[in-house]
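**Q** Here you go, one structure.
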Amino acid sequence: MDHDGIYKRLFSHPGMVAQLLREFVSESWLDDFDLDGMERLNANFNADTGEERRGDVIWRLPLRSGGDAYLLLMIEFQSKPDRWMALRALTYAGLLWQQLVNGNRLPADGRLPPIFPAVLYNGDTRWVKPLDLQELIGLPPGSPLWQWQPKMRYNIIDEGVYSEVDLAARDTLAALLFRLENCRDPDRVLAIIDNVIDWLRLHPTYGSLRPVFAALAWRLVELEERSSSGVQVSENLLEVRTMLAARASEWKQQWRQEGLQEGLQEGRQNGEAALLTRQLERQFGVLPGWAKDRISAADTTKLEEWGLRLLDAKNLEDVFG
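Numbering-wise, our numbering puts 377 at position 132 of the sequence shown, and it's gapless, one number per residue.
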């Protein structure tokens, strides 16, 4: 099971979604909705071009006060930053609304239900991309054209911004998930897995998530590669925990070596990015945000390619192509 599949299965459980909202979304209006009565919706969209878009997870949240009005929660899972996430959220929202219109599934008043787009991000770097679509539109402040531009904003839940102390104080499975994703110490990972096992034992209604956490534990030490070569991946969380404990010393050495290599690579990449930035600013002046974004997201091969293009470039477009 790939990482995206793990997250889709985890947040196909209503309890996990409720925990995510209650613990990590600071919006007072959530109190107006019945999180215990939410309903999972089909997330397959088809654009007019015929291209299929498979949304990640969508939930229908009814009002506590009753009636047929509701909120659509749209959760996207990201492991890498995406500058265009606000545009993607607008596209997905439009496709979802169109699906409701085509299927005659609108509320009784015939209007589109509101949507709350949330992005759950588990990458190594912190999310600093624009949260609002209008930050991506090339218009000066005060332009009369702003009134004709679409609006969309998404809520980012960045797992890495929460400290271990903060997460350990939260008695939820969602917090344990964040702790596992943030942890890079083998002994602590085993302790957190023990916490997951104990938590699931005390909350049997979450029992269907045991094999999903087992799959996540396999991936934490990249054991899934073995499954593709004939070794059976266990769905028993206790068995996976026992295997991880047996490989603890090997695991530590592997992570130590990977950390050293990543550090060397990151140092080289950061150095080349800084050098290219200085060269570009010397020739073209202060760089616009889009150029800085391209440089920060590029690998060393691309940075070297842009450095060579700079020799004959007349403008930034010549460099970045």
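Positions of the beta carbon are idealized from the N, C-alpha and C atoms, including for glycine.
CB F322 to CB D301, shorter than 8 Å?
**A** F322 places its beta carbon less than 8 Å from that of D301.
**Q** Alpha carbon to alpha carbon, how far is R309 from Q394? Give it in angstroms, no decimals.
**A** 33 Å
**Q** If you draw a straight line from the alpha carbon of L418 to that of W444, how long is it in whole angstroms?
**A** Each residue's Cα considered, the two are about 7 Å apart.
**Q** Can you tell me whether DSSP reads A363 as helix, strand or coil?
**A** Judged by DSSP in its simplified three-state form, A363 adopts strand.
**Q** Drop a sphere of 10 angstroms on the beta-carbon of Q528, count the other beta-carbons inside from all chains shown, and report buried for 16 or more, exposed for fewer.
**A** Q528 counts as exposed, since fewer than 16 other C-beta atoms from the protein chains shown sit within 10 angstroms of its C-beta.
**Q** At which residues does the beta strand (DSSP E) containing R305 begin and terminate?
**A** Taken as a continuous stretch (DSSP letters only), the beta strand (DSSP E) holding R305 covers V302 to P307.
**Q** Please give me, in chain order, every unbroken run of the alpha helix (DSSP H) with length at least 4 that falls completely inside the segment 427 to 465.
**A** 431 to 447 and 455 to 465
**Q** Can you tell me the Cβ-Cβ gap for L425 and I437, rounded? I've got them flagged as a contact below 8 Å.
**A** 5 Å
**Q** Can you check whether the CB of L306 is closer than 8 Å to the CB of L280?
**A** Yes, the Cβ-Cβ distance between L280 and L306 is below 8 Å.
**Q** Measure how close the beta-carbons of F269 and I360 come, nearest whole angstrom, since I'm counting them as under 8 Å.
**A** Actually they do not touch by this definition, with Cβ atoms about 18 Å apart.
**Q** Quick check: what's the CA-CA separation for P385 versus Q379?
**A** 11 Å
**Q** Whose CA, out of H248, Y451 and A459, lies closest to the CA of H198?
**A** Since the displayed the chain opens at 246 and closes at 566, residue 198 lies outside it and no answer follows.
**Q** In the DSSP output, which residue or residues are listed as bridge partners for Y315?
**A** Secondary-structure assignment with DSSP links Y315 through a beta bridge to P307.
**Q** Closer than 6 Å by C-beta to L362: which residues in its own chain qualify, once you throw out the five before and the five after it? Chain order, please.
**A** First, the amino acid is wrong: residue 362 is Pro here, not Leu. Same-chain partners within the cutoff: M319, A334 and Y399.
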